[in-house]
Amino acid sequence: SQTIHQWPATLVQPVGSPLSLECTVEGTSNPNLYWYRQAAGRGLQLLFYSVGIGQISSEVPQNLSASRPQDRQFILSSKKLLLSDSGFYLCAWNKDRGHEKLFFGSGTQLSVL
Amino acid sequence: SQQGEEDPQALSIQEGENATMNCSYKTSINNLQWYRQNSGRGLVHLILIRSNEREKHSGRLRVTLDTSKKSSSLLITASRAADTASYFCTIQGAQKLVFGQGTRLTINP
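In order, the protein sequence lines correspond to chains L and X. One point on numbering: in my numbering, the residue at position 4 of the first sequence is 72, and numbering is uninterrupted. One point on numbering: in my numbering, the residue at position 32 of the second sequence is 38, and numbering is uninterrupted.
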């Protein structure tokens, strides 16, 4: 069966520090991968999605970047965190076509202080 | 916009009552999906309804779709405390799924 792993679960980082969040999917190949961010009590904002290795689409210009070094690995990064980067970050995947159901990771709560 | 918009933003009912939440959208769709999110957790897929379907059931969940009105509703019957969560609808856009703000449902004992 397929599983998605996202870590860490919580992270407290000072302003200006770097960030690296990792997401991996097991039990499938060539998944579509997504990074979402959710502000407290709000909806999900799509940040990046990837349909293959090295293929990244950015939805919102921002202080963040994404990379897909391997088929089932998706990394969210920042060189210098801002206070506004705080939020709940969710990784997700689906197969084949973008409109099939998404499977979400358990999320990373990032607090930038 | 390819985003679904949920209504109401918040809903509070007594345990055992039925809960209804709605989703409206503006574009043509292939399907519409509903997800649930418990506090501090990832989203969980509930139901996918295709554009040629009008109603779909899954346990205590009933989803309807009216493509002429570009709207969908999610009905939870005989609500339980464990149904307390945020509920999101989403429609597809090319390779991506875009979510609205969600409906925060609270079931009171």
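Where is the CB? At the ideal position from N, CA and C, for every residue including glycine.
Asked	Found
Could you tell me the boundaries of the beta strand (DSSP E) in which Lys-147(L) lies?	Careful: Lys-147(L) lies outside any beta strand (DSSP E) and carries neither H nor E.
Give me the chain X residues within the contact set of Phe-172(L), using Cβ-Cβ distance strictly less than 9 Å, ordered along the chain.	Tyr-41, Gln-43, Arg-47, Gly-48, Leu-49, Val-50, His-51
Going along chain X in order, which residues have a C-beta closer than 8 Å to the C-beta of Lys-169(L)?	Gln-39, His-51, Leu-54
So Gly-106(X) contacts chain L; which residues on that side make the cut at Cβ distance below 9 Å?	Gly-111, Leu-112
Please name the residue in Gly-109(L), Leu-170(L), Leu-158(L), Tyr-117(L) whose C-alpha comes closest to that of Ser-135(L).	Tyr-117(L)
Which same chain residues end up closer than 8 Å to Leu-112(L) when comparing Cβ atoms and leaving out the 5 residues on each side of it in sequence?	Tyr-104, Arg-105, Gln-106, Leu-158
Does the stretch 69-89 of chain L come close enough to the stretch 145-157 of chain L that 3 or more CB-CB pairs lie under 8 Å?	yes
In chain X, which residues lie with their C-beta within 8 Å of the C-beta of Gly-175(L)?	Gly-46, Arg-47, Gly-48
Please confirm if Leu-87(L) has its CB atom under 8 Å from at least one CB of chain X.	no
Buried or exposed: which applies to Glu-117(X), given that a residue is buried once 16 or more other Cβ atoms fall within 10 Å of its Cβ?	Limits of chain X in this structure are 7 at one end and 115 at the other, which puts residue 117(X) out of reach.
Spatial neighbours of Arg-42(X) within its chain, please: C-beta separation below 6 Å, excluding the five flanking residues on both sides.	Val-50, Leu-52, Ala-91, Tyr-93
Does the separation of the CB atoms of Ser-85(X) and Ala-25(X) fall below 8 Å?	yes
Taking just the CA atoms, how far does Val-104(X) sit from Asn-36(X)?	14 Å
So with CB distances below 8 Å, who are the chain X contacts of Leu-158(L)?	Gly-48, Leu-49
Comparing C-alpha positions only, which one of Trp-161(L), Leu-170(L), Gly-155(L), Phe-171(L) sits nearest to Gly-46(X)?	Gly-155(L)
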